[in-house]
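Written out below as structure tokens is the structure these notes cover.
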Amino acid sequence: MSEGNRLAHEASPYLRQHASDPVDWYPWGDAAFERARHEGKPLLLSIGYASCHWCHVMARESFRDPSVARLMNERFVNVKVDREERPDVDAVYMAAVQALTGHGGWPLTVALTPEGRPFYGGTYFPPEERPGVPSFTRVLNAVAEAWETRRRDVEASAAELTAALKRMEAALAADDVGPASDLAEQVVERLEALEDPHHGGFGAAPKFPPHETLRLLLAQPGERRLELALRVLRAMARGGIRDQLGGGFARYAVDAEWRVPHFEMMLYDNAAMLRNYATAYSRSGDHHLRDVAYGIVGWLQDALAFDPDADGRPLGARAPRRGGEGGGLPQEVGFFSALDADQQGQEGAYYVWTEAELREAAGADADLAVERFGVVTPGPFEGANVLRVAATSEALARRHGVPEAELRARLDALRERLRVARERRPAPAVDDKALASWNGLTLGALATAGRLLAEPEMLALARANARFIQARLWHEGRLWHMWRQGQRSVEGLLEDYAYVGLGLLELYRATFENEWLEWALELAAVVSERFHDPAGGYFSTAADMQRLLVRPKGYIDAATPSENAAGAELVWWAARYESDAARQRQAEAALAGISPAVLQAPQAFSSSLRVLLLMQGAPREVIFAGAPRSQALEELLAEWRRFDDGRALVLLLDGSTAWQAGLPLAEGRLPDPGAGGERVTAYVCRGGTCQLPAREPEAFLARLGEGGWEVATAIDTARGQR
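Start counting the sequence shown at 2; every next residue gets the next number (the numbering used here).
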């Protein structure tokens with residue numbers, strides 16, 4: 002089809018990138034399968050995403066080659082899928098390719114029977130054969146010949162693989178789980194054995210940021226776990242995986258030292274980074290980690306945040322900065338999905354520097370720039386350099402004989418000059434779809450960081466993001482997965498409900514604004530009713546959605562946290578708030594049987610272990626009853642924030658809604674309207690035992706001490722400083 006194909010009117014930017022391919026692409030749907038059945042052809046399924054470098058490479062080399070397209074069109078029915086638009090489809094066929102080959106990745110290439118059963122798979126295939134890798138045309142011809150000459154054998158092997166995939170989905174639905182604390186200690190020992198002692202992180206290159214493993218370590222008390230997490234976070238912050246000028250993080254590093262990234266920059270990665278750096282700063286008081294967290298928020302505002310009622314451009318300089326109240330924000334703020342790895346067909350061109358380019362842009366501070374960022378000639382990335390922190394501000398201050406504060410001011414000015422110079426280059430393309438799930442992760446990270454850093458701007462941005470999700474992706478009691486240019490599409494998946502619901506709980510914890518808790522409980526009810534498997538756990542797709550070959554469950558932490566663990570955590574919190582014992586048991590059963598998998602692959606099941614530790618810990622509640630936004634309440638909250646490690650149920654009963662009165666936790670605790678507007682009472686309970694009510698900060702602190710609570714932060718939460 003030389004004048005375009007069926008993808009031209011799809012909502013996904015990635016699918017539209019392939020609309021002018023000569024390949025006769027179909028989007029995922031019944032039409033492709035009906036044609037395959039009618040013509041007796043296999044389907045060729047290609048899965049990728051907009052910011053994927055190797056997806057672009059395969060498109061240039063093969064999908065835009067008329068001879069390759071002719072072969073594909075003659076012998077296959079071709080289907081193109083955006084993994085970010087349809088993560089459920091991607092999950093099923095990624096599992097199939099991993100079962101067939103032992104590895105996976107994108108672009109994902111899978112041959113299917115007309116019933117959708119996989120029988121061959123791989124990832125990127127080059128246009129010409131390479132040692133150990135067949136050419137794409139050779140693969141196409143071999144697969145088509147096998148289908149045409151040995152169809153019965155192919156169908157039998159495809160049916161066997163499908164059955165194996167279904168067994169894999171059921172494998173973790175066991176009914177027994179051991180003590181999570183014992184499991185956590187064994188996991189720490191495993192991680193210490195895997196740690197790279199020289200460069201930080203776990204294992205060899207390529208190195209992906211271990212988001213959920215870090216969150217697990219930071220969620221547990223103890224210096225040993227904290228130091229293990231800090232070593233990784235500090236190494237990444239120094240490396241080229243962090244954009245040292247813009248503040249965001251790339252998806253992964255191709256080397257063991259975190260120096261050279263794969264340059265695509267994803268919303269979900271930076272949401273996870275923000276949460277972990279803010280938490281690490283709260284635990285350690287290390288101001289470098291705080292600065293990294295602020296840098297991530299700045300990058301989010303500059304690169305991906307947008308006003309849905311405006312022009313769709315990122316907010317950039319229109320957004321308020323550190324210390325502001327967020328008054329310059331629009332009412333709603335959404336976040337786009339990613340920045341592309343390629344600029345004008347060249348990977349990383351926007352980010353890399355030759356020494357000559359750096360010296361010209363740095364001006365009088367050229368020598369300082371070379372020293373700070375470790376720039377050499379020729380550079381290690383195709384002759385250029387990826388900026389990294391080769392010398393700390395402390396070391397440079399000593400070396401140059403100046404106070405560190407003066408040196409840091411020079412570095413700030415230097416970064417700004419380099420950033421301005423870089424902005425003259427062609428910018429990376431923005432994947433301008435907004436996903437409910439990824440926005441939910443960002444919402445939760447902003448709310449957590451705003452609470453831990455006592456930063457009103459971050460909380461204002463979190464509120465605006467929650468309003469965007471509510472206005473654009475929530476409709477008639479259901480979430481939608483994707484929004485782009487005014488249109489929502491794809492029914493909500495478990496990841497959407499779970500990540501958004503948990504983000505709302507974080508926003509409530511930070512603000513005590515009733516609307517966010519009420520909505521989170523509503524989302525949890527949907528998860529419990531439409532996604533629950535009576536055999537245990539939560540499906541990735543709802544019961545009333547289009548059925549796939551396998552109805553997947555997301556047990557594993559992949560690019561984003563385990564959907565099953567997130568769904569279980571949301572339902573568990575909601576059951577605690579609503580005192581619903583049946584739903585609490587349902588949530589706890591979702592993680593039964595997870596122990597062997599955690600020990601075998603701790604990094605793949607870190608979020609499951611973190612949630613399991615939460616569920617098995619002694620239940621804790623802190624309930625405030627009285628006037629919101631009063632001086633008395635603020636005094637109690639100032640003390641509470643020092644102890645809040647995110648594991649206690651928190652609730653403010655102000656008597657403003659009938660919904661509150663219906664909560665069993667509110668019985669006998671709702672404020673007396675005649676008692677005076679300033680009076681606030683705190684109820685502290687742990688392990689089913691409640692202390693005497695407290696109304697003064699001193700008494701409140703005494704109750705926390707009597708209950709065995711410990712201070713959870715190393716900083717002054719009133720000012721976000723040590």
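The beta-carbon is built from N, C-alpha and C at its ideal position, and this holds for glycine as well.
Every value quoted in this text rests on a predicted model; they were computed, and no experiment measured them.
Check                                                                                                               : Outcome
Beta-bridge partners of PHE336, as assigned by DSSP                                                                 : ALA306
First through last residue of the beta strand (DSSP E) which encompasses ILE48                                      : 44–49
Segment contact, 8 Å Cβ cut-off, at least three pairs: the region 505–518 with the region 121–141                   : no
Nonlocal neighbours in the same chain, by C-beta distance under 7 Å from PHE264, ignoring five residues either side : ALA251, ALA342, GLU348, GLY349, TYR352
Residue interval of the alpha helix (DSSP H) (run including PHE34)                                                  : 31–40
Host beta strand (DSSP E) of HIS482 (start-end)                                                                     : 479–485
Three-state secondary structure (DSSP) of HIS401                                                                    : helix
Length of the line joining the Cα atoms of ALA583 and ALA659                                                        : 24 Å
Distance between beta carbons of HIS39 and LYS81, contact taken as under 8 Å                                        : Not a contact, Cβ separation roughly 20 Å.
Whole-Å CB distance - PRO207 paired with ALA236, under 8 Å assumed                                                  : Contact flag wrong, Cβ pair sits at about 15 Å.
Assigned exposure category for SER182 - 16 Cβ within 10 Å defines buried                                            : exposed
Beta carbon of ALA1 nearer than 8 Å to that of ASP655                                                               : Because the chain spans 2 through 723 in this model, residue 1 falls outside it and cannot be assessed.
CB contact check: HIS57 to chain B, cutoff 8 Å                                                                      : Among the chains in the structure shown there is no chain B, since it carries only a single protein chain.
DSSP-derived helix/strand/coil call for ILE470                                                                      : helix
CB of LEU503 within 8 Å of CB of ALA567, strictly                                                                   : yes
Cβ-Cβ separation, GLY103 to MET95 (assumed contact under 8 Å), whole Å                                              : Not quite, the Cβ-Cβ distance comes to about 13 Å (not below 8 Å), so this is no contact.
Residue range of the beta strand (DSSP E) that includes TYR269                                                      : Unbroken run through TYR269 is the alpha helix (DSSP H), 268–285; no beta strand (DSSP E).
ALA450 beta carbon less than 8 Å from that of ALA279                                                                : yes
One or two residues paired with GLN221 in a DSSP bridge                                                             : In the DSSP output, where bridge partners are listed per residue, GLN221 has none listed.
The region 618–636 in contact with the region 489–503 per 3-pair CB rule at 8 Å                                     : no
Reduced DSSP category for SER438 - H, G, I as helix; E, B as strand; rest coil                                      : helix
VAL377 burial status per 10 Å Cβ neighbour count (16 or more: buried)                                               : exposed
8 Å Cβ cutoff met for ARG648 and GLY618                                                                             : yes
Rounded distance between the beta-carbons of GLY335 and TRP439, thought under 8 Å                                   : That pair is no contact at about 10 Å.
Within the region 54–80, ranges of the alpha helix (DSSP H) (whole runs, at least 4 residues)                       : 54–59, 67–76
Close beta carbons around THR214, own chain, < 6 Å, minus the five adjacent residues each side                      : GLN604, SER607
Closest by C-alpha distance to GLY487, when choosing among PHE307, GLU570, LEU447, LEU453                           : PHE307
Cβ shell of HIS212 (< 6 Å), same chain only, five flanking positions each side left out                             : ALA273
Residue of SER596, LEU234, ARG630 minimising C-alpha distance to HIS200                                             : LEU234
Local Cβ density within 10 Å of ILE448, reported as buried at 16 or more and exposed below that                     : A small fix is needed here, since residue 448 is Ala in this sequence, not Ile. Under this definition ALA448 is a buried residue.
Residue range of the unbroken beta strand (DSSP E) whose run includes TYR121                                        : 119–123
Beta-bridge pairing of TRP770 - partner residues as DSSP gives them                                                 : Given that the chain is displayed from residue 2 to residue 723, the structure contains no residue 770 and the question cannot be resolved.
C-alpha distance - ASN79 paired with TRP26, whole-angstrom precision                                                : 5 Å
Straight-line Cα distance separating ALA526 from ARG139                                                             : 50 Å
Validate contact between the region 471–479 and the region 362–380 using beta carbons, cut 8 Å, 3 pairs             : no
Cross-strand partners of TRP354 (DSSP beta bridge)                                                                  : ASN386
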